[in-house]
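Quick notes on the structure that follows.
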Amino acid sequence: MKKIKSLHAREVLNSRGMPAVEAELNNGTSSFRAISPEGASKGKYEAVEIKDGGHRYHGMGVKRAVENINKIISGKLAGAELDQRKIDKMLCALAGDRKWKLGGNATTAVSMAAWKADSPKYKSIPVPFSLIVEGGAHAGNDLAVQEFMITPLKTGTFAEGMRAVSEIYYTLEKTVVKKYGKSASNVGYEGGFALQLNDTKTVLSLMTDAIDEAGYQKEVKIAIDAAATQFFNGNYSIDGKIFTASGLCDYYLDLVKIFPVFSIEDPFHEEDFASFAMLKKRAKRLMVVGDDLTVTNVQRIKKATDSCNALIVKVNQVGTVTEALEAVELARKDGWEIIVSHRGGDSEDTFISDFSANIGAFGAKFGAPMRGERTAKYNQLLRLEENGLPYAGKKFKL
């Protein structure tokens, strides 16, 4: 087994122009880099990121986290075997609960770099959950729902799926520019159109029409990330209306009847396990996805056994690859689908492309089919598919 010869970290920039931690690990023959992403909207129970404070980068610098790698973690790992579990166990011991001592942004970067150095193998290619329209915390508009995505479930291959995604994306752009003006082509953090609208059904109608016009009504479905914690204040405020949890459940069921929506992520507040379970029970053929609810955390997933049937996986939510793999294993025991996800503040790093193919994830959320930090990840999966890996959409059943 190869050993870690050296480990070094530096401050780089993410896709939002904010500082991020990059770790570079050398095993004696090659170097492997990994950049820790950062969410624009975050679950309450995620690993703690360490920021510098002060005036530099408006307090968002990450030199403290970088120093924690260079001055603490590096010394502990020098000469250690490239054993993922052992490395991550050491990181967890050093960083403490929720990684507050060293920073989840530090441990994530190191853990990801170690994983890359271990020559991962691949199982299958996930279905893209590709962003088309953004709202919520990701865009400067009045849409409550954070992400509106399209999923090419039945295109046969990932390459054909990405063709469908691109064609639908630009079909929609043509429509909204004609209908709302040139500003309708403005995009949010992750490349989705930041339409100046405030009505969910209007967006879903535009998307459905774009899917039909592009000729993919049989192959492509719609998924949404409600990120409902963002519009909860005792009740839920969406589309200019106020809903109780039960009323919001009825609202979602109505959307599923009218539009080709097959997946809803974080439909309720991140503490409301019961309402997730209510929606799952009432919607027999709907993917109910946990993200803020579960934060890639084994203890949260145990509590959500009856609340979801799919899990969003983000390594930086827990701070190490091993903990993310444990979350995946537990979710699969409950029969859940796995969706590996990017963050609002991402980078050109393609770790999640390789990781999703390695674990045989059903889905991959990488953002829109534009912006370099998003297309880099899609392009990596296009390369991997050339090795004859099967497409997850072929086996999908709900």
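Position one of the sequence shown corresponds to residue 0 (numbering that gives the first Met the number 0), numbered consecutively onward.
Every residue, glycine too, gets a C-beta built ideally from N, C-alpha and C.
### Short Cβ contact (9 Å threshold) for residue 320 with residue 103
Residue mapping note: residue 320 aligns to position 321 of the sequence shown, counting from 1. Residue mapping note: residue 103 aligns to position 104 of the sequence shown, counting from 1. The answer is no: Cβ separation not under 9 Å.
### Task
Within the same chain, show all residues whose beta-carbon is closer than 6 Å to that of residue 144, passing over the 5 residues directly before and after it, in chain order.
Position 145 of the sequence shown, counting from 1, holds the residue named residue 144. Excluding sequence neighbours, residue 144 sits near 134, 199, 223 and 225.
### Reduced DSSP secondary structure (H/G/I, E/B, other) of residue 68
Reading the sequence shown from its first residue, position 69 is the one you call residue 68. In the structure shown, residue 68 sits in a helix (DSSP, three-state: H, G or I).
### Cβ neighbours of residue 56 in the same chain (closer than 8 Å, five flanking residues each side left out)
What you label residue 56 is simply residue 57 of the sequence shown in a count that begins at 1. Spatial neighbours of residue 56 in its own chain (CB-CB distance under 8 Å, excluding positions within 5 residues in sequence) are listed in chain order as 17 and 18.
### Message
Rounding to the nearest angstrom, what Cα-Cα distance links residue 174 and residue 91 in this structure?
### Response
One-based indexing of the sequence shown puts residue 174 at position 175. One-based indexing of the sequence shown puts residue 91 at position 92. Roughly 50 Å between the two C-alpha positions.
### Task
Could you pull out every residue in the same chain whose Cβ sits closer than 6 Å to the Cβ of residue 187, ignoring the five residues on either side in sequence?
Within the sequence shown, the letter at position 188 stands for residue 187. Hits under 6 Å: 133, 137, 138 and 193.
### Query
Secondary structure at residue 7, three-state DSSP: helix, strand or coil?
Translated into the one-based positions of the sequence shown, residue 7 becomes position 8. Note: residue 7 maps to strand in three-state DSSP.
### Message
Using a Cβ-based criterion (distance less than 8 Å to any ligand heavy atom), does residue 259 qualify as near the ligand NAD?
### Response
No copy of the ligand NAD occurs in the structure displayed, which carries no ligand at all.
### Task
May I ask you to verify whether the region 62-77 touches the region 287-298, counting CB pairs closer than 8 Å and requiring at least 3?
With the cut-off at 8 Å, the region 62-77 and the region 287-298 do not touch.
### Expected contact under 8 Å - CB spacing of residue 423 and residue 67 to nearest Å
Any property of residue 423 remains undetermined from this structure, which presents the chain solely from 0 to 397.
### Message
With distance defined between alpha-carbon atoms, name the residue in 109, 97 and 105 nearest to residue 86.
### Response
Here residue 86 corresponds to residue number 87 of the sequence shown, with the count starting at 1. Looking from the CA of residue 86, the closest CA among 109, 97 and 105 belongs to 109.
### Nearest-angstrom beta carbon gap, residue 0 and residue 81 [assumed within contact, 8 Å]
To locate residue 81, count along the sequence shown from 1; it is residue 82. To locate residue 0, count along the sequence shown from 1; it is residue 1. Correct: roughly 6 Å between the Cβ atoms.
#### Entry: Cβ distance (whole Å) where residue 129 is taken to contact residue 367 below 8 Å
Reading the sequence shown from its first residue, position 130 is the one you call residue 129. Reading the sequence shown from its first residue, position 368 is the one you call residue 367. That pair is a contact at about 7 Å.
#### Entry: Contact belief for residue 216 with residue 40 at Cβ below 8 Å, rounded distance in angstroms
As a first step, residue 216 must be located in the sequence shown, where it is residue number 217. As a first step, residue 40 must be located in the sequence shown, where it is residue number 41. Actually they do not touch by this definition, with Cβ atoms about 31 Å apart.
### Query
By Cβ distance below 6 Å, which residues in the same chain neighbour residue 390 in space, the five residues on each side in sequence not counted?
Translated into the one-based positions of the sequence shown, residue 390 becomes position 391. Taken in chain order, the residues that qualify are 124, 156 and 157.
### Query
Are residue 436 and residue 363 closer than 9 Å when you measure CB to CB?
The structure shown does not extend to residue 436, since the chain is modelled only from 0 through 397, so no value can be given for it.
### Query
Which residue's Cα is closest to the Cα of residue 403: 248, 242, 314 and 259?
Because the chain here runs from 0 to 397, residue 403 falls outside it and cannot be looked at.
### Task
Please list the segments of the alpha helix (DSSP H) lying wholly inside the region 80-104, counting only runs of 4 or more residues, in order along the chain.
Complete alpha helix (DSSP H) runs here, min 4: 83-94.
#### Entry: Burial state of residue 335 (16 or more Cβ within 10 Å)
Reading the sequence shown from its first residue, position 336 is the one you call residue 335. Burial of residue 335 is indicated by the presence of at least 16 other C-beta atoms within 10 angstroms of its C-beta.
### Task
Starting from the C-beta of residue 23, find all residues in its chain whose C-beta is less than 6 Å away, skip the five residues before and the five after it, and write them out in chain order.
The residue you call residue 23 lines up with position 24 of the sequence shown. Answer for residue 23: 7, 30 and 32, listed in chain order.
### Message
Less than 8 Å between C-beta atoms, sequence neighbours within five positions excluded: which residues of the same chain meet that for residue 208?
### Response
In the sequence shown, the residue the question calls residue 208 occupies position 209. Non-local beta-carbon contacts of residue 208 in its own chain, meaning distances under 8 Å to residues more than five positions away in sequence, involve 174 in chain order.
#### Entry: Three-state secondary structure assigned by DSSP to residue 135
Translated into positions along the sequence shown, residue 135 becomes position 136. Here residue 135 sits in helix by DSSP.
### Query
Would DSSP call residue 39 helix, strand or coil?
One-based indexing of the sequence shown puts residue 39 at position 40. Reduced to three states, the DSSP call for residue 39 is coil.
### Query
Within this structure, are the beta carbons of residue 267 and residue 303 separated by less than 9 Å?
Here residue 267 is taken as the residue at index 268 of the sequence shown, counted from 1. Here residue 303 is taken as the residue at index 304 of the sequence shown, counted from 1. Remark: C-beta atoms of residue 267 and residue 303 do not approach each other more closely than 9 Å.
### Message
List, from N- to C-terminal side, the alpha helix (DSSP H) runs of 4 residues or more that fit wholly inside the region 294-365.
### Response
Listed in chain order, the complete alpha helix (DSSP H) runs (minimum 4 residues) inside the region 294-365 are 297-302, 314-317, 320-332 and 350-358.
### Query
Should residue 4 and residue 78 be called a contact, given that it needs their Cβ atoms to be closer than 9 Å?
The residue labelled residue 4 in the question sits at position 5 within the sequence shown. The residue labelled residue 78 in the question sits at position 79 within the sequence shown. Against a cut-off of 9 Å, the Cβ pair of residue 78 and residue 4 comes out as a contact.
### Task
Report yes if the C-beta distance between residue 115 and residue 353 is below 9 Å; otherwise report no.
Here residue 115 refers to the residue found at position 116 of the sequence shown. Here residue 353 refers to the residue found at position 354 of the sequence shown. Contact flag set, yes.
### Query
Exposed or buried, which one is residue 241 when buried takes at least 16 other CB atoms within 10 Å?
Sequence index remark: in the sequence shown, residue 241 carries index 242 (1-based). Result: exposed.
### Task
State yes or no: is the C-beta of residue 15 within less than 9 Å of the C-beta of residue 65?
Your numbering for residue 15 matches position 16 in the sequence shown. Your numbering for residue 65 matches position 66 in the sequence shown. In this structure, residue 15 sits away from residue 65, with a CB-CB distance that is not shorter than 9 Å.
### Backbone secondary structure at residue 25 - three-state DSSP
Counting from 1 along the sequence shown, the entry for residue 25 is found at position 26. Here residue 25 carries a strand assignment [DSSP, helix/strand/coil].
### Query
Which residues bound the beta strand (DSSP E) around residue 220?
In the sequence shown, the residue the question calls residue 220 occupies position 221. Residues 219-224.
### Message
Under DSSP, the beta strand (DSSP E) around residue 164 begins and ends at which residues?
### Response
Here residue 164 refers to the residue found at position 165 of the sequence shown. Not the beta strand (DSSP E): residue 164 falls in the alpha helix (DSSP H), residues 157-179.
### Message
Counting C-beta neighbours from all protein chains within 10 Å, is the total for residue 269 16 or more, i.e. buried, or is it exposed?
### Response
As a working note, residue 269 is residue 270 in the sequence shown. So residue 269 counts as buried.
### Query
Below 9 Å between beta carbons: does that hold for residue 341 and residue 373?
As a first step, residue 341 is located in the sequence shown; it is residue number 342 there, counting from the start. As a first step, residue 373 is located in the sequence shown; it is residue number 374 there, counting from the start. Cβ atoms of residue 341 and residue 373: closer than 9 Å.
### Task
Answer yes or no: do residue 260 and residue 221 have a C-beta to C-beta separation smaller than 9 Å?
Within the sequence shown, numbered from 1, the residue matching residue 260 stands at position 261. Within the sequence shown, numbered from 1, the residue matching residue 221 stands at position 222. Using a Cβ distance threshold of 9 Å, residue 260 and residue 221 count as a contacting pair.
### Message
So for residue 58, helix, strand or coil by DSSP?
### Response
Reading the sequence shown from its first residue, position 59 is the one you call residue 58. Secondary structure of residue 58 (DSSP, three-state): helix.
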